[in-house]
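Residue numbers for the sequence shown follow this note's numbering, beginning at 199 and rising by one.
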Amino acid sequence: MQYLKNMKHTMSCIHQHGIRVGVLSYHLSKHLNLPEIYWFLHFIAGRWHDFGKLLIPTSILNQPTPLTSEQWEIMKKHPIYSYRLVSLCGFDAYIKKAILYHHENECGTGYPFGLASENIPLSSKIIRICDIYDALTQKRVYKHKLNTEEAFSLMDKDKSLPSYLYGVFKYMILSDYRCLTKKELLRRG
Ligand SMILES: [Fe+2]
199 MQYLKNMKHT
209 MSCIHQHGIR
219 VGVLSYHLSK
229 HLNLPEIYWF
239 LHFIAGRWHD
249 FGKLLIPTSI
259 LNQPTPLTSE
269 QWEIMKKHPI
279 YSYRLVSLCG
289 FDAYIKKAIL
299 YHHENECGTG
309 YPFGLASENI
319 PLSSKIIRIC
329 DIYDALTQKR
339 VYKHKLNTEE
349 AFSLMDKDKS
359 LPSYLYGVFK
369 YMILSDYRCL
379 TKKELLRRG
């Protein structure tokens, strides 16, 4: 019974995080003046970027203490799992790539491949920024929730983020931007 309870909680967290990252990615793409089709492609990629975490043991996902190096190696596989799962669902190659590289860093310190800036798709960079912001501003079992100011003070120091995209994202959040819910987004469509 406790197992089912934990699983339900984990799935709900992954689901809600995916929706928020999808909505943020949609709006960031819009603020970047990308063609409209990319707003929707990036929404879908953001929505499903962490789908593969369903294949990571809940004991690792919900561990309140820092992960061991072995656990961390398992965790680092989730972009590949997400890629495989969305492939099974017949997702477009553009979306699959966006998902596969969503933890790569500008300076090549990311995972699972350690790609550097020019080899990381724009779509993955967009999702990465939105993902980090959402993770910082939400409560997790291993950390408390930060407000926007606290989140940006940490992100400002993060040299692994692409500076232009991050600048646009920060402007978007700090300006009159209002984060639309998925329901509102669909209603507008
Ligand atoms: Fe992720």
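Every residue gets a Cβ at the ideal spot worked out from N, C-alpha and C, and that includes glycine.
To the nearest angstrom, how far is the alpha carbon of residue i from that of residue j?
i: K368; j: M199; result: 43 Å
i: I212; j: K228; result: 24 Å
i: I318; j: P360; result: 11 Å
i: R386; j: H342; result: Bear in mind that a pLDDT of 48 at R386, under 50, signals an unreliable position, so the number given afterwards is only what the model happens to contain. Using only the alpha carbons, I get a separation of about 33 Å.
i: F289; j: E304; result: 26 Å
Between the options, which lies nearest to residue i when the distance is taken from Cα to Cα?
i: E302; options: V284, Y292 and S321; result: S321
i: I254; options: W246, I325, P277 and I318; result: P277
i: I330; options: Q261, M205 and G308; result: G308
Regarding residue i and ligand 1, is the C-beta to nearest heavy atom distance less than 7 Å?
i: P360; result: no
i: D329; result: yes
i: H213; result: no
i: P277; result: yes
Would you identify the three-state DSSP class for residue i, choosing helix, strand or coil?
i: K341; result: strand
i: G365; result: helix
i: G216; result: helix
i: K357; result: coil
i: A314; result: coil
i: M199; result: coil
When burial is assigned at 16 or more other CB atoms within 10 Å of the CB, is residue i buried or exposed?
i: I371; result: buried
i: V339; result: exposed
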